[in-house]
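For the sequence shown, my numbering gives the first residue as 514, with consecutive numbering after it. What follows is one structure encoded as structure tokens, with my remarks underneath.
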Amino acid sequence: MHLLRPLLRSPSLTWILVAAALAVVTPRAAHAEALLVVEADTGKVLQADNATMPWYPASVTKIMTAYVTLKAVKEGRLSLDTLLTVSPVAAAESPSKMGFPPGTQVTVDNALKMMMVKSANDMAVVLAEGVGGSVDGFSGMMNQTARKLGMTQTSYVNPNGLPADGQVTSARDLAMLARAYIRDLPEYEYFMHIPSIRYGRRVTQNFNKLIGRYPGADGFKTGFICASGYNLVASATRNGKRLIAVVLGSSSGHARAVRAAQLLERGFGGGLGWLKPALGTVDSLVPVDATPPNLREEMCGGKRKRPATDEDPDVVASNGNASTGETAVSFFTAGLQHPIKPADLLAAAAEPSEPVPVYTGPTKTGAALIAAVAAEAEKQASSAKRGKKSKIAKKPDGAAPKAEASAKPGTKPATVRHANAKPEAAAKPAPAATSAEKKPAAKPAAAKPVAAKPVAAKPAAVGDKPAPKPAKPNAAAKPKGENKPAG
């Protein structure tokens, strides 16, 4: 230190050193974000910004859902092969979801994979009902677990993180939860870093863009609702050292991944740690008594409307910059290792990997699993073909698609909300709504000939107009009534 004293006597040099220190320690944030980096084994805090500010967790809630479920498995209260049934409550959840109709059975193992990779809200409820008896019962278990882990800023209302006033956490608490998962459930860590899943023909990549791209990335979970912005709890291991990074309130899915990579890179670099003040351990961070920031207008206001899902289109908000801090990362790594630009790293394709197959019904292995995956793929292919035929048939004759739809009695109402299952959506109500659907189809057909060929008996019905009008509301009312129990 005595070698620096002559330099510090110069005011200009002193301010340069102070500015350099602040540039290193202080992150450049374009808008409200909570950032935290800790060592997984010791809990030592390497960087903390707004780390104890209350925040809406969104789908990072599912880390706790998985933790409580897998603790129940480890304690023998159920197994990964236990079959759970999709209830009407689960089927009614908002996307992102698998969209299985009520009555569908799925194992705990498959439900966990679908929940953690696709962030399926319906599977979170299936697990909650299977473990806790109900959403409320399971939420109570989640809150009890949070208290045991010292997550004093966290409260849960549901198992999936969909918008709810009482659903609150903080970066501090999320880091504590991630540490608990690593410590208590090492045999089930693979649920946290599955690169992708395959359901029939559909392949879903993990929304955590660090998986398969950032060297050493090995967990955890993403989340997004308008009020919270884009959230991410991430972990990575390098040279035997494991770090946990938490990013809350980022401007896009890409931006949160870049920010997490920056935080991890700085943590692994560690060469400038002497410029940072000691921050203690994560559990010693002092909670802030405040209301969670609501980023709805910033995230979803005006022309930036987004669905409440992690399926991010990779569009960076106008008030955020995914590349913010890249030069800082290069500065941190200069002289220590090869500079890494997270934006470039994460823009590349993920390392190739075989999607993990998921399916409905009992546990299957070997030939039975291959057959199940093939059968679902064929079912999806047939559904797509029917969808194309239905669209073509709708142009020449409005009644043709309805007749086609009624020929599918096996389809269930929950698929009405499936974006990629429109032909099946109309199919389910066939037993109850066939007659109602035929009436409006018949009346317009009768109305057209009347306009072309005036007949004495029919002008009265057409000119009267009350006759066809009641029929149309009835036809519109049916789908609404059907959607209520399913949705």
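All C-beta atoms in this analysis are idealised placements derived from N, C-alpha and C, irrespective of residue type, glycine included.
Cβ neighbour criterion (16 or more within 10 Å) applied to residue i
i     : result
L777  : buried
D649  : exposed
D678  : exposed
S764  : buried
A927  : Low per-residue confidence applies at A927: pLDDT is 39, beneath 50, and the placement is therefore not dependable enough to give any value.
I738  : buried
L1004 : With the chain covering 514 to 1000 only, the question about residue 1004 has no answer from this structure.
L882  : exposed
T804  : exposed
R899  : buried
A585  : buried
S797  : exposed
K661  : exposed
As assigned by DSSP and simplified to three states, the class of residue i
i    : result
Y694 : helix
E552 : strand
G653 : helix
K754 : strand
P540 : Caution is warranted here: a pLDDT of 40 is assigned to P540, below 50, making its placement in the model unreliable, and no coordinate value can be reported.
I738 : strand
F720 : coil
V799 : coil
P601 : helix
P699 : helix
Y569 : coil
S709 : strand
L559 : strand
S765 : coil
L625 : helix
T620 : strand
Y872 : coil
T682 : strand
A585 : helix
Contact set for residue i: own chain, Cβ-Cβ below 6 angstroms, skip 5 residues either direction
i    : result
G729 : A749, T750, R751
N744 : A571, V573, G736, L761
D554 : none
A603 : D635, V638, V639
Y694 : Y580
A758 : V550, A747, A773, L776, L777
D686 : M664, Q666, T667
P962 : No answer about P962 holds up, because its pLDDT of 43 lies below 50 and its placement is not dependable.
A641 : V648, F651, P672
A885 : Y872, K877
A894 : none
T617 : V599, T873
CA nearest to the CA of residue i, picked from the options
i    : options                : result
A571 : I710, L549, N671       : N671
R714 : T665, K898, K892, R899 : K892
G814 : G742, A758, S797, A747 : G742
G780 : V771, K754, G766       : K754
N623 : L597, S607, E642       : L597
Y712 : M654, E889, A585, Q618 : E889
G766 : N807, S866, L723       : L723
T873 : T595, G556, A768, K575 : T595
M812 : A768, L792, T804       : A768
P576 : E810, R692, G900       : Checking the displayed sequence, the identity of residue 576 turns out to be Ile instead of Pro. If we check each option's Cα against that of I576, R692 comes out closest.
P790 : V771, E552, V558       : V558
V771 : G589, T804, Y727       : Y727
Q680 : G643, W568, T617       : W568
K587 : A885, N721, A887, P699 : P699
E552 : R696, R590, A887, E810 : R696
A862 : K734, N719, A897, A605 : N719
Beta-carbon proximity list for residue i, same chain, < 8 angstroms, skipping 5 on both sides
i    : result
K626 : F704, I707, I710, V869, V871
V799 : T565
Nearest-angstrom beta carbon gap, residue j and residue i [assumed within contact, 8 angstroms]
i    : j    : result
D635 : F613 : 7 angstroms
P615 : S600 : 6 angstroms
V795 : M689 : 6 angstroms
M566 : S683 : 6 angstroms
T876 : T620 : 6 angstroms
S866 : G725 : 6 angstroms
P806 : A545 : 5 angstroms
L808 : A740 : 6 angstroms
M654 : G645 : 5 angstroms
N563 : L548 : 7 angstroms
Close beta carbons around residue i, own chain, < 7 angstroms, minus the five adjacent residues each side
i    : result
A633 : S609, K610, M611, M627
T717 : V630, K631, S709, I710
A880 : none
E864 : G725
G793 : V558
N656 : S668, Y669
Proximity test, residue i beta-carbon vs the ligand FAD heavy atom, cut-off 8 angstroms
i    : result
L798 : This structure lacks the ligand FAD, and indeed carries no ligand of any kind.
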